[in-house]
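Working notes, structure below.
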Amino acid sequence: MPENYAELIAHYIERLRKPETSEDAGHSLEELEFLDVQALPILQQYAVSEKDEDIRADLTEIVWRQYRRPESVPFLAQMLNDPSRKVWKAAIDGLVALGTDDALVALKTARGGASAEQFEYIDEAIDQIENSEAWPGLK
């Protein structure tokens, strides 16, 4: 694995843009987690700055699904403010999957500026974390 993760991640993101290589590129980005956690902040940085909402959503999901690290909570909280429904829903899913106290605080904080649609999803996410024993498969 090269030390310059930014170049490697940029390469895979460019491959995500092409239908014929997007699936393989997504798998390659997911596999970075198994090789080195140093890729995490770089993936987060690309997700925040990416213009394509599908790629932002994919990167957001990769961050929480593959890494499941509590230090991803600020990133996921930031992605709750994304204008794309795909992206903020991926961020909500990630916060629920982490289920930490910090994730719960991030969701409760986001309620204040949430749209009516977001509010419904955020309330359900809060309920899932607060009552995780009632939601099979969490934690």
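According to the working numbering, the sequence shown holds residues 41 to 179 in order. The C-beta atom is built at its ideal place from N, Cα and C for all residues, glycine as well.
Identify the continuous alpha helix (DSSP H) that holds residue i and give its terminal residues.
i: R57; result: Where R57 is concerned, there is no enclosing alpha helix (DSSP H), given that its DSSP letter is neither H nor E.
i: L80; result: 79–89
i: L114; result: The question names Leu, but residue 114 in the sequence shown is Pro. From DSSP, the alpha helix (DSSP H) with P114 extends over 113–119.
i: Y161; result: 156–170
i: E101; result: 93–102
i: G134; result: 125–138
i: R151; result: 141–151
Which residues in the same chain as residue i place their Cβ atom closer than 6 Å to its Cβ, once the five residues preceding and following it in sequence are excluded?
i: L120; result: W128, A131, A150
i: Y161; result: I132
i: E47; result: none
i: A154; result: I162
i: T61; result: R55
Once the 5 residues before and after residue i are set aside, which same chain residues still bring their CB inside 8 Å of it?
i: I49; result: L69, L72, A79, I82, L83, Y86
i: D64; result: R55
i: V113; result: L135, L138, T140, D142, A143, A146
i: K179; result: Because the pLDDT at K179 is just 49, under 50, the model does not fix this residue reliably, and the value given afterwards should be weighed accordingly. G139, S172, listed in sequence order.
Excluding the 5 residues preceding and the 5 following residue i in the sequence, name in chain order all residues of the same chain whose CB lies nearer than 7 Å to its CB.
i: A165; result: I132, L135, V136, L147
i: Q158; result: W128
i: P110; result: L138, T140, D142
i: Y52; result: A65, S68, L69
For the putative contact between residue i and residue j, defined by C-beta atoms under 8 Å, what is the C-beta separation to the nearest angstrom?
i: K126; j: E93; result: 6 Å
So, does the segment 58–71 touch the segment 88–106, judging by three or more C-beta pairs under 8 Å?
yes
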